[in-house]
Amino acid sequence: MAMHSIGVILLSMTMMAGTQGATAAVSVTKADFGKLPDGKAAELYTLKDSDLEVQVSNYGARIVSIMSKDRNGKMADVVLGYKSVDGYVNEGQKKTYFGAVVGRYGNRIRGGKFSLDGHEYHIPLNNNGNALHGGPHGFDEKLWTAKQLPDGVEFTLVSPDGDMGFPGNLTVHVRYTLVGSALHINYSATTDKPTVVNVTNHSYFNLGGEGSGTILDDVLTLNADKYTPVDRGLIPVGGPKPVAGTPFDFTKPTPIGQRIHDNDEQLKIAGGYDHNFVLNGPNGTMKLAAKVTDPKTGRVLTVSTTEPGVQFYSGNFLDGSYKDAAGVPYAKNTGLCLETQHFPDSPNQPNFPTTELKPGQTMHSETIFAFSVSK
Numbered sequence: 000m001a002m003h004s005i006g007v008i009l010l011s012m013t014m015m016a017g018t019q020g021a022t023a024a025v026s027v028t029k030a031d032f033g034k035l036p037d038g039k040a041a042e043l044y045t046l047k048d049s050d051l052e053v054q055v056s057n058y059g060a061r062i063v064s065i066m067s068k069d070r071n072g073k074m075a076d077v078v079l080g081y082k083s084v085d086g087y088v089n090e091g092q093k094k095t096y097f098g099a100v101v102g103r104y105g106n107r108i109r110g111g112k113f114s115l116d117g118h119e120y121h122i123p124l125n126n127n128g129n130a131l132h133g134g135p136h137g138f139d140e141k142l143w144t145a146k147q148l149p150d151g152v153e154f155t156l157v158s159p160d161g162d163m164g165f166p167g168n169l170t171v172h173v174r175y176t177l178v179g180s181a182l183h184i185n186y187s188a189t190t191d192k193p194t195v196v197n198v199t200n201h202s203y204f205n206l207g208g209e210g211s212g213t214i215l216d217d218v219l220t221l222n223a224d225k226y227t228p229v230d231r232g233l234i235p236v237g238g239p240k241p242v243a244g245t246p247f248d249f250t251k252p253t254p255i256g257q258r259i260h261d262n263d264e265q266l267k268i269a270g271g272y273d274h275n276f277v278l279n280g281p282n283g284t285m286k287l288a289a290k291v292t293d294p295k296t297g298r299v300l301t302v303s304t305t306e307p308g309v310q311f312y313s314g315n316f317l318d319g320s321y322k323d324a325a326g327v328p329y330a331k332n333t334g335l336c337l338e339t340q341h342f343p344d345s346p347n348q349p350n351f352p353t354t355e356l357k358p359g360q361t362m363h364s365e366t367i368f369a370f371s372v373s374k
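Throughout the sequence shown, residue numbering follows numbering that gives the first Met the number 0, covering 0 to 374 in sequence.
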């Protein structure tokens, strides 16, 4: 069966999973999440229905926890994070970006430079001579304005002209809503000056739950026939290449750890997987991005998106410096990211889908994290 057909079938299953519980009541409650160094209060919102319990904070518009059921009905938190805002603030310069919305430009921009309409813009460098996730003080560090909804919460941020070097006053909305067994994330943005924007959620998933070890036994499927190889700065070079015949072929369900230590230059550069995969299907339409299954618990995560790519990151740079609530270190490969996105360094690569946003336009994208169980 062709991968495109598989993508359609899995996406249909995802949408069904996301709508089966649509009539179930969603409760939304608000609590304190601690104080920031400037004295401002962070907030924690809990979204709960019969299938999922999701906690999100206005600090970084981030996902703090997702409680989902295993095949025996046992609930566990399947994302990495901290129990108060202090954990995120205290990471300092060695940031994990746990659960945050990253921007103004998620992923990397070569040399922190790009040009628009004849003007060159410079973003502060924070990752091996490049700008990562919007520079050293991106959206993940901002206190967003929250608006409670009947089935979720909407966070809004106004990023001023010149913020981290980016042009234009940019207004961003991120809406989290629960629909049965699925968390929907809707992004939108407008600007008053030509700019670039690429926002995504940077949650680290471990479907085994807290303290369950690595994600290397998880089985991954990616709806992508191509990926973008990178140089030593993890910037795409040479354009998209076929995954066939490489350790990057996840078009069929494959354990993440099966080839992660292969003698492959791309794996060596990143210390594992940290690459953009080019999703099959047109940009702007909802399509399957990824499916992850944890054989031990039976938990399944299916990711669908309107974005053209997904960054699969196998948690290579986690080194045990930070710990979960039980004191278990977040070690290498204890979480995986599936960051739905436009491609890294798109402002400098005209053959990639554009990330330019102009006045009068609205950037829209949607990503769905759907949870189910396999027997």
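Beta carbons: idealized from backbone N, C-alpha and C, even for Gly.
Next on the checklist: Rounding to the nearest angstrom, what Cα-Cα distance links LEU46 and ALA145 in this structure?
Outcome noted: Numbered from 1 along the sequence shown, position 47 holds the residue referred to as residue 46. Numbered from 1 along the sequence shown, position 146 holds the residue referred to as residue 145. Their backbone Cα atoms lie some 14 Å apart in a straight line.
Item to check | DSSP state of ASP31 mapped onto helix, strand, coil | outcome: Position 32 of the sequence shown, counted from the first residue, corresponds to residue 31. In the displayed model, ASP31 falls within a strand according to three-state DSSP.
Checklist entry - Can you name, in chain order, every residue of its own chain whose Cβ lies under 8 Å from the Cβ of ILE184, other than the five neighbours on each side? => result Looking up residue 184 in the sequence shown gives position 185. The residues are VAL173, ARG174, TYR175, ASN200, GLU365, THR366, ILE367 and PHE368.
Next on the checklist: Less than 6 Å between C-beta atoms, sequence neighbours within five positions excluded: which residues of the same chain meet that for ASP377?
Outcome noted: What is shown of the chain runs 0 to 374, which leaves residue 377 out entirely.
Next on the checklist: Using 8 Å as the threshold, is the C-beta distance between TYR120 and ASN197 below it?
Outcome noted: As a working note, residue 120 is residue 121 in the sequence shown. As a working note, residue 197 is residue 198 in the sequence shown. Cβ atoms of TYR120 and ASN197: not closer than 8 Å.
Checklist entry - What residue from VAL53, THR353 and LEU219 has the CA that sits closest to SER345's CA? => result Position 346 of the sequence shown holds residue 345. Measuring from the Cα of SER345, the nearest candidate turns out to be THR353.
Checklist entry - What's the gap between the Cα of THR227 and the Cα of VAL291? => result Taking the sequence shown and counting its residues from 1, the one referred to as residue 227 is at position 228. Taking the sequence shown and counting its residues from 1, the one referred to as residue 291 is at position 292. Answer to the nearest angstrom: the Cα atoms are 21 Å apart.
Checklist entry - Excluding five sequence neighbours on each side, which residues of the same chain lie with their C-beta closer than 6 Å to the C-beta of LEU356? => result Taking the first residue of the sequence shown as 1, we reach residue 356 at position 357. Closer than 6 Å at the Cβ level, and outside the excluded window around LEU356, lie THR190, THR194, VAL196 and MET362.
Next on the checklist: For ASN89 and GLY244, I'd like the C-alpha separation in whole angstroms.
Outcome noted: Mapped onto the sequence shown, residue 89 falls at position 90. Mapped onto the sequence shown, residue 244 falls at position 245. Taking the straight line joining both Cα atoms gives about 42 Å.
Item to check | Buried versus exposed call for GLN310 [16 or more other C-beta atoms within 10 Å across all chains shown] | outcome: Indexing the sequence shown from 1 puts residue 310 at position 311. So GLN310 counts as buried.
Item to check | Anticipated Cβ contact below 8 Å, VAL171 with GLY102, distance rounded | outcome: Mapped onto the sequence shown, residue 171 falls at position 172. Mapped onto the sequence shown, residue 102 falls at position 103. Indeed, because the Cβ distance is near 7 Å, the residues count as touching under 8 Å.
Checklist entry - According to the Cβ coordinates, are PHE342 and GLY308 closer than 8 Å? => result One-based indexing of the sequence shown puts residue 342 at position 343. One-based indexing of the sequence shown puts residue 308 at position 309. A contact, by the Cβ cut-off of 8 Å.
Item to check | For PHE370 and SER49, believed in contact at Cβ under 8 Å, the rounded distance | outcome: The residue given as residue 49 occupies position 50 in the sequence shown. The residue given as residue 370 occupies position 371 in the sequence shown. The Cβ separation is near 12 Å, so there is no contact.
Next on the checklist: Less than 8 Å between the C-beta atoms of LEU79 and TYR203, yes or no?
Outcome noted: By one-based count along the sequence shown, residue 79 stands at place 80. By one-based count along the sequence shown, residue 203 stands at place 204. Going by C-beta atoms, LEU79 is nearer than 8 Å to TYR203.
Checklist entry - Leaving out five residues before and five after PRO252 in sequence, what residues of the same chain have Cβ atoms less than 8 Å from its Cβ? => result Locating residue 252 in the sequence shown gives position 253, counting from the first residue. If we look at PRO252 and ignore the five residues flanking it on each side, its Cβ neighbours are VAL218, LEU219, THR220, LYS290 and THR292.
Item to check | Cβ-based burial, MET74 [other Cβ within 10 Å; buried from 16] | outcome: For the purposes of this step, residue 74 is identified with residue 75 of the sequence shown, where counting begins at 1. By the neighbour-count rule (16 or more Cβ atoms within 10 Å), MET74 is not buried but exposed.
Checklist entry - According to DSSP, is PRO166 helix, strand or coil? => result Taking the first residue of the sequence shown as position 1, residue 166 is located at position 167. Correct three-state label for PRO166: coil.
Next on the checklist: Using C-beta distances below 8 Å, list every residue in its chain close to GLY359, excluding the 5 sequence neighbours before and after it, in chain order.
Outcome noted: On the sequence shown, position 360 is the one that residue 359 refers to. None.
Next on the checklist: Below 8 Å on the Cβ atoms is my contact criterion, and I expect THR296 with ARG70 to pass it. Report the Cβ-Cβ distance as a whole number of Å.
Outcome noted: Mapped onto the sequence shown, residue 296 falls at position 297. Mapped onto the sequence shown, residue 70 falls at position 71. About 7 Å separates the two Cβ atoms, so the contact holds.
Checklist entry - TYR175 bridges to which residues according to DSSP? => result Numbered from its first residue, the sequence shown carries residue 175 at position 176. TYR175 is bridged to VAL152 and ILE184.
Next on the checklist: Classify VAL236: buried if its beta carbon has 16 or more other beta carbons within 10 angstroms, exposed otherwise.
Outcome noted: Locating residue 236 in the sequence shown gives position 237, where the first residue counts as 1. By the 10 Å Cβ count, VAL236 comes out exposed.
Checklist entry - Who pairs with ALA243 in a beta bridge, going by DSSP? => result As a position in the sequence shown, residue 243 is number 244, starting the count at 1. Beta-bridge pairing links ALA243 to no other residue.
Checklist entry - With distances taken from CA atoms, which of ASN275, ASN168, GLY207 and VAL53 is nearest ALA188? => result Here residue 188 refers to the residue found at position 189 of the sequence shown. If we check each option's Cα against that of ALA188, ASN168 comes out closest.
Next on the checklist: Would ALA30 and ARG61 be called neighbours here (beta carbons separated by less than 8 Å)?
Outcome noted: The residue given as residue 30 occupies position 31 in the sequence shown. The residue given as residue 61 occupies position 62 in the sequence shown. In this structure, ARG61 does not lie closer than 8 Å to ALA30 by Cβ.
Checklist entry - CB THR213 to CB THR95, shorter than 8 Å? => result Along the sequence shown, read from residue 1 onward, the residue named residue 213 stands at position 214. Along the sequence shown, read from residue 1 onward, the residue named residue 95 stands at position 96. Taking 8 Å as the Cβ cut-off, THR213 and THR95 do not qualify as a contacting pair.
Checklist entry - Can you give the Cα-Cα distance for SER28 and ILE255, rounded to whole angstroms? => result Taking the sequence shown and counting its residues from 1, the one referred to as residue 28 is at position 29. Taking the sequence shown and counting its residues from 1, the one referred to as residue 255 is at position 256. In the sequence on display, residue 28 carries Thr and not Ser. Approximately 36 Å between the Cα atoms of the pair.
Item to check | beta-carbon PHE204 near the ligand GTP non-hydrogen atom, thresh 7 Å | outcome: Of the ligands one can find in the structure shown there are none, so the ligand GTP has no counterpart to examine.
Next on the checklist: Applying the 10 Å Cβ sphere with the 16-neighbour rule, what's the burial state of SER303?
Outcome noted: Sequence index remark: in the sequence shown, residue 303 carries index 304 (1-based). When all chains shown are included, SER303 counts as buried.
Next on the checklist: Looking at the secondary structure, which residues open and close the beta strand (DSSP E) in which GLY86 lies?
Outcome noted: Here residue 86 is taken as the residue at index 87 of the sequence shown, counted from 1. Premise fails: GLY86 lies in the alpha helix (DSSP H), 84-88, not in any beta strand (DSSP E).
Checklist entry - At which residue ranges does the segment 281-353 contain complete beta strand (DSSP E) runs of 3 or more residues, listed in the order of the chain? => result 286-292, 298-304, 308-312 and 336-340
Item to check | Buried or exposed (CB count within 10 angstroms, at least 16 for buried), ASP162 | outcome: In the sequence shown, residue 162 corresponds to position 163, counting from 1. Around the Cβ of ASP162, a 10 Å sphere holds 16 or more other Cβ atoms; the residue is buried.
Checklist entry - What first and last residue would you give for the alpha helix (DSSP H) that runs through ALA269? => result As a working mapping, residue 269 is identified with position 270 in the sequence shown. That run of the alpha helix (DSSP H) goes 264-269.
Checklist entry - DSSP on GLN257, reduced to helix/strand/coil? => result Within the sequence shown, residue 257 is the residue found at index 258, counting from 1. Correct three-state label for GLN257: helix.
Item to check | Proximity of GLY33 and SER64 at Cβ, strictly below 8 Å | outcome: Here residue 33 is taken as the residue at index 34 of the sequence shown, counted from 1. Here residue 64 is taken as the residue at index 65 of the sequence shown, counted from 1. Taking 8 Å as the Cβ cut-off, GLY33 and SER64 do not qualify as a contacting pair.
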